[in-house]
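A quick write-up on the structure given underneath.
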Amino acid sequence: MSQGSIEQQYHQQLDALMMMIEDCIDELPQDVDVDGANGQLTLTFPDGSQIVISRQPVQQEIWVAAKSGGFHLREQQDQWFCAVTQERLSALLNRVVSEQSGAPVEVFTLIDA
Numbered sequence: 555m556s557q558g559s560i561e562q563q564y565h566q567q568l569d570a571l572m573m574m575i576e577d578c579i580d581e582l583p584q585d586v587d588v589d590g591a592n593g594q595l596t597l598t599f600p601d602g603s604q605i606v607i608s609r610q611p612v613q614q615e616i617w618v619a620a621k622s623g624g625f626h627l628r629e630q631q632d633q634w635f636c637a638v639t640q641e642r643l644s645a646l647l648n649r650v651v652s653e654q655s656g657a658p659v660e661v662f663t664l665i666d667a
């Protein structure tokens, strides 16, 4: 597979993933604003804090920036996984959104399906 087709596949996969994340955010009981631009999603909470989910095509990673830190995820066996925290993307998003919203969140399980 050529580098161009690998990058195209990555972008198609991430486009679908970002749409699923947006759908999950719509299920949140809290009022969270979502802005999607330039290959990233910015979640803004009522207190003004943000979580940024961005694609990193050169590294073939997803980066998540939250109050609790920055996380780099790589695809492993069809799952996005953070080696540092040992969390899949769904668990990481549930955790950081719960931390920043102040309420337990379990809506991101759809992105692991």
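Each number in our numbering comes from the position in the sequence shown (counting from 1) with 554 added on. The C-beta atom is built at its ideal place from N, Cα and C for all residues, glycine as well. No experiment lies behind these values; they were computed from the predicted model shown.
Take valine 651 and list the residues in its own chain whose beta-carbon comes closer than 6 Å to its own, dropping the five residues that flank it on each side.
Val659
Validate contact between the stretch 568-575 and the stretch 618-625 using beta carbons, cut 8 Å, 3 pairs
no
Work out the CA separation of serine 644 and alanine 637 for me, nearest whole Å.
14 Å
Using CA coordinates, which residue listed in Ser603, Asp569, Pro611 is at the minimum distance from glycine 558?
Pro611
Could you work out which residue in Gln614, Glu629, Ala620, Asp632 is closest to glutamine 562 when comparing CA atoms only?
Gln614
Note the first and the last residue of the continuous alpha helix (DSSP H) segment covering alanine 645.
643-655
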